[in-house]
Amino acid sequence: MTIEEGEAQIDQLPMDLLAHIFVFITCFKDLAQTSSVCRKWREGVKQSMGRREKLSFAGWKMDDKSTSRLVCYAYGLKELDISKSRWGCQITDNGLFQLSTAKCIANLTCISLWGMTGITDKGVAQLISRANSLQHLNIGGTFITDESLFAISTSCPNLKSVVLWGCRHVTENGLQVLVNKCRKLESINVWGMRIPLDSFIALLEIRPALQITPQSLLNIENAPLLPVF
């Protein structure tokens, strides 16, 4: 094969190989710049997204539109992390609504919405309604209420672990519904929640093998409400 005058060698690569190379680009800013080079590279980036099983936006400054666009390309995705960090994702309910339309959502086994203070029960319920394969969910550091837990208990029968760290608006009622309906639930992180100790003992009566974190909660006699941070 000869290279036409003025044409870069990389442009001679077949699309499959080009997409394979782009899979190794983890910086989304670099991916955006790569996709803007030419039509072939844009298609290569799109195909590379389809090959990814894990995608994390934690630490990247992303918004609703850019996040949902990339996730829609990642049709083979299994794990999605859109946690908020200092300069990270700024996702709102609109973003969750857009994400819920992606083909990969039904196949996701792990989702992290850690610290996403811009989302509400409405957005969570919409996203979770299609996440029927979900096994692990981190929704700590958000302002969700029992309404989100009701939606999770209805849509996620395979749920094994859930992080509710600091979810102060969740009550014992929401926890009981979650533990009752999610029969595969193995562990739950309740650190920083405003829940009486008796409520956790009641959860263990429903499912004795349930691992409650922090475990020290269940070793304190006559403990008051959990500490609030």
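Just so you know, we're using the numbering used here here: the sequence shown kicks off at 1 and counts up by one. Backbone N, C-alpha and C define an ideal beta-carbon position, used for all residues, glycine too.
Contact check between the segment 171 to 189 and the segment 123 to 132: fewer than three CB pairs, one atom from each, fall below 8 Å, which does not count as touching. For residue 72, the enclosing alpha helix (DSSP H) starts and ends at 64 to 73.
The Cβ atoms of residue 96 and residue 126 sit closer than 8 Å to each other. The three-state reading of DSSP puts residue 135 in coil, since its state is none of H, G, I, E or B. Distance from the CA atom of residue 47 to the CA atom of residue 33, rounded to whole angstroms, is 16 Å. In this chain, residue 105 is not harboured by any beta strand (DSSP E), its DSSP state being neither H nor E. For residue 161, the enclosing beta strand (DSSP E) stretches over residues 161 to 163. Taking residue 173 as the centre and dropping the five residues before and after it, the same chain places the C-beta of 146 closer than 8 Å to its C-beta, in chain order. Comparing C-alpha distances from residue 187 to each of 158, 91, 71, 60 shows the shortest one belongs to 158.
Your pair residue 203 and residue 176 checks out as a contact, with CB atoms roughly 7 Å apart and the cut at 8 Å.
Residue burial annotation: residue 206 is exposed, with fewer than 16 other C-beta atoms found within 10 angstroms of its C-beta. Between residue 23 and residue 35, the gap from beta carbon to beta carbon reaches 8 Å or more. The C-alpha of residue 84 lies about 33 Å from the C-alpha of residue 17. Burial state of residue 101 is exposed, judged by a 10 Å Cβ sphere holding fewer than 16 other Cβ atoms. Spanning the alpha carbons of residue 70 and residue 31 requires a straight line of approximately 10 Å. Of all alpha-carbon atoms in 81, 94, 139, 104, the one lying nearest the alpha-carbon of residue 51 is that of 104.
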